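**Student:** Sharing a structure with you now.
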């Protein structure tokens, strides 16, 4: 049974605006039997330049969908994933509980049903905890984890670009070397042919002269 935790922790609530798809997503690297507790509050504003305000609409509907990557490849999880479960809630303020079954990367998608003419955002607070680890991870830590993962992604992308640039440089040097070799082969081939033509002409002219002398066609 999962242990009860006593927590005195101030959590950071981050507001993210819903895009045109009406879906906000977040990816987490979670261990086995990890409990995820998500608090959400729908916010609204009339323009990008106005302040966010709490929404007071009991009919607003949110849906949380959870999926994961069986092979622990979070890149595949961005576009697709194995469906796990989903929860539907009504009202501006909601809470979601979810417990993982296997260690992997999990994607949490929250969809708002109708945005209307207003701009809607979601204030989200996330906590993670596991029975084997009595520490509670707050949204502050998960945001830092996400930033760290993005930094690792950027570093990995930079390394790939660097490797590609090195490969391109090597390919370019190889290409230049091949062109130089081909140019040398063509040059020496043409030179050899010119020498053969000159030698053949000289040899033929000499034999022709000897033949004429023998036959007494011309004088010495």
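Residue numbers (mature numbering (1 follows the signal peptide of the UniProt record, and there is no 0)): -17 to -1, 1 to 203.
The C-beta atom is built at its ideal place from N, Cα and C for all residues, glycine as well.
No experiment lies behind these values; they were computed from the predicted model shown.
Taking 7 Å as the threshold (C-beta atoms), are residue 44 and residue 76 in contact?
**Tutor:** no
**Student:** Please report the straight-line C-alpha distance between residue 60 and residue 90, rounded to a whole angstrom.
**Tutor:** Roughly 7 Å between the two C-alpha positions.
**Student:** Along the chain, which unbroken stretches of the beta strand (DSSP E) at least 3 residues long are found entirely within the segment 22 to 86?
**Tutor:** 44 to 51, 65 to 73 and 76 to 82
**Student:** Output the boundary residues of the beta strand (DSSP E) element that contains residue 12.
**Tutor:** That run of the beta strand (DSSP E) goes 6 to 13.
**Student:** Just to check my reading of the structure: residue 10 and residue 88 have Cβ atoms closer than 8 Å, yes? What is that Cβ distance to the nearest angstrom?
**Tutor:** Confirmed, Cβ separation roughly 6 Å.
**Student:** Expressed to the nearest angstrom, what Euclidean distance is found between the alpha-carbon atoms of residue 93 and residue 65?
**Tutor:** Roughly 16 Å between the two C-alpha positions.
**Student:** Pick helix, strand or coil for residue 174, following the three-state DSSP scheme.
**Tutor:** helix
**Student:** Suppose you measure from the CA of residue 35 to the CA of residue 52; what does that come to, to the nearest Å?
**Tutor:** 34 Å
**Student:** In angstroms, rounded to a whole number, what distance separates the CA positions of residue 100 and residue 8?
**Tutor:** Using only the alpha carbons, I get a separation of about 22 Å.
**Student:** Identify, in the order they occur along the chain, each residue of the same chain with its Cβ nearer than 7 Å to the Cβ of residue 39, setting aside the five sequence neighbours on each side.
**Tutor:** 75
**Student:** I'd like to know whether the C-beta atoms of residue 23 and residue 83 end up nearer to each other than 7 Å.
**Tutor:** no
**Student:** What is the DSSP secondary structure of residue 100, reduced to helix, strand or coil?
**Tutor:** Coil, per DSSP.
**Student:** How would you call residue 17, buried or exposed, if buried means at least 16 neighbouring beta carbons within 10 angstroms?
**Tutor:** buried
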